[in-house]
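Chains as they are written, first to last, in our numbering: chain W, 994 to 1314; chain H, 0 to 291.
By construction, the Cβ of each residue, glycine as well, lies at the ideal position given by its N, Cα and C atoms.
Report on the structure given below.
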């Protein structure tokens, strides 16, 4: 995700990308080649730079707390990749650091900036679908185990993706958090959570899950997430008393990727990157106008609390083999 | 000419797989080296995709094969199931994720990461090209090396089966270095490592689409098996560079006598790609390889 944010940052019209910090030499080389002059191995150097107003934190889950604490203490406004933290306790610590320092914290939920999903919210609010009785969100892919490339070469899945203690959870945390946040944005407060957790890959974290959410003034929703499929798919279904809505999004094919890549060389954002660009643009607007961003840290924490309830009220399925 | 057997397994449970494997070995008149002390089984565990995708060998299939071997070898042999780390895959994760750790425990066999084993450098020439490989000692010392590949379509080399699976015996992790001359590299390593038996897990086959075929194939000749696998996927074996090259280098014979169910009956399940599709894939692959 760091590369996506770097690419979008360079195209922001209301902000200037000053510096990039990463412990990896390859990542720094990538940033330099993308046109960033000031690259650092130690992020504290970046935090000490007074000309910097805000930071984007795109690091593995187990580093969220440490990085946010340091950035908040340095007085930087923060855009943090989801999930807010590995668990509720860490999430609360993050919020306390942010509040103490009086800085802004936005959590990256790109679905909130996806036009099709924002239109759905407008439809729900307008009443054109009637009362929504059932809602369903599905997010299926190979997740962290999707084949990766690095400068045209196949690359290993980073080691932290195989360790529950470093991730904080499995597919429910990684993918479910998107749908839970989106549904809360659509329907409001959650009053009950139950889930089924599956272990197809024999690891100590769930690689697929079905989570049931009961909303206080709204529908019963199911969130289906999984890291088991080579055929990635994101979909939302809403069943209302007047109308139903169904949205299915598949990732771009090879040719679309090529067209996007070429467009990118000429400064275009590309369809698959638009939502990430919009969320950054919005974050920068919040920083410039001194307004509180949404989704913020409190929302990120609420999502973590729901996931934590999902883990607590879970029925664990046995591994397939 | 080499013998290649084709047997349909009814259900994919260990019992029917065992019966199908045994029948496939009988059809090719495989002569068990009954005094084999060290048996090495090489499945295809190229990535974290599980057996249901058709990309990796099913641990149930290997489990059934182990039963067959134990039934036919006189002394209780040491059985090793081996794989090596690859550019994007690590054995320590793949063994666990794909169910091999569990199977190893149940069967009392040893899983081996070839990249962590003692190995020796070997250099070999194919055509005008030289290749260096790291050949693990455990492979050299095995009395019986059983190659258990999958049948897959792969952009670039068209099909991967027995010959390509041996490529995974190279202990060197960064296998992408061979990608430029992959066909020659596949043939080269097969000149250094010769399996005694190939048993193909064709229960799920990934051609232009993924299909449950319930097929078991066996042969002592990896070239013959690859030629038969090409037929199944709808390719003329003569159009597959590594197969023709392997035959020319004397690794095996492209001509084979088939025993059991004719592969032609399943050939139509994998329709050839349309010209439009081929052009799209070619452009995409050329772009990703040379431009991106």
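Query, Result
"The region 183-198 of chain H / the region 245-258 of chain H touching (three or more Cβ pairs under 8 Å)", "yes"
"Stretch-stretch touch, CB-based, cutoff 8 Å, three pairs: the region 1000-1019 of chain W with the region 1266-1282 of chain W", "yes"
"Ranges of the alpha helix (DSSP H) found wholly within the region 1098-1177 of chain W, counting only runs of at least 4", "1108-1119, 1157-1160"
"Residue 1304(W) burial status per 10 Å Cβ neighbour count (16 or more: buried)", "buried"
"Any C-beta of chain H under 8 Å from that of residue 1195(W)", "yes"
"Rounded straight-line distance, which links the Cα of residue 1288(W) to that of residue 1047(W)", "16 Å"
"C-beta contact flag for residue 308(H) and residue 58(H) at 8 Å", "The question about residue 308(H) has no answer, for chain H in this structure spans 0 to 291."
"Interface partners of residue 274(H) on chain W, CB under 7 Å", "Residues of chain W passing the Cβ test: none, with the nearest at roughly 15 Å."
"In chain order, each alpha helix (DSSP H) run of at least 4 residues that lies wholly inside the region 1195-1224 of chain W", "none"
"Which residues DSSP lists as bridging residue 1031(W), in chain order", "1012(W)"
"DSSP bridge partner residues for residue 1233(W) (one or two, in chain order)", "1125(W)"
"Whole-angstrom C-beta distance between residue 136(H) and residue 117(H), which should lie under 8 Å", "4 Å"
"Length of the line joining the Cα atoms of residue 0(H) and residue 252(H)", "7 Å"
"Extent of the continuous beta strand (DSSP E) to which residue 94(H) belongs", "Counting along the chain, residue 94(H) falls outside any beta strand (DSSP E), though it belongs to the alpha helix (DSSP H) covering 90-96."
"Residue-chain proximity (residue 86(H), chain W), Cβ-Cβ < 8 Å", "yes"
"Chain H contacts made by the region 1135-1148 of chain W, where a contact means CB separation under 7 Å", "1138, 1140, 1141, 1145, 1146, 1147, 1148"
"Cutoff 8 Å: residue 1155(W) Cβ touching any chain H Cβ", "yes"
"Interface positions of the region 1056-1071 of chain W facing chain H (Cβ-Cβ less than 7 Å), listed along the chain", "none"
"Interface partners of residue 52(H) on chain W, CB under 7 Å", "1223"
"Euclidean distance between Cα positions of residue 1054(W) and residue 1157(W)", "10 Å"
"Nearest-angstrom Cα separation, counted from residue 260(H) out to residue 214(H)", "9 Å"
"Beta-carbon proximity of residue 1079(W) to residue 1161(W), cut-off 8 Å", "yes"
"Boundaries of the alpha helix (DSSP H) in which residue 70(H) is found, first to last residue", "58-71"
"Residue burial classification, residue 320(H) (beta-carbon count within 10 angstroms, cutoff 16)", "What is shown of chain H runs 0 to 291, which leaves residue 320(H) out entirely."
"Neighbour-count burial assignment, residue 1211(W), 16 or more Cβ in a 10 Å radius", "buried"
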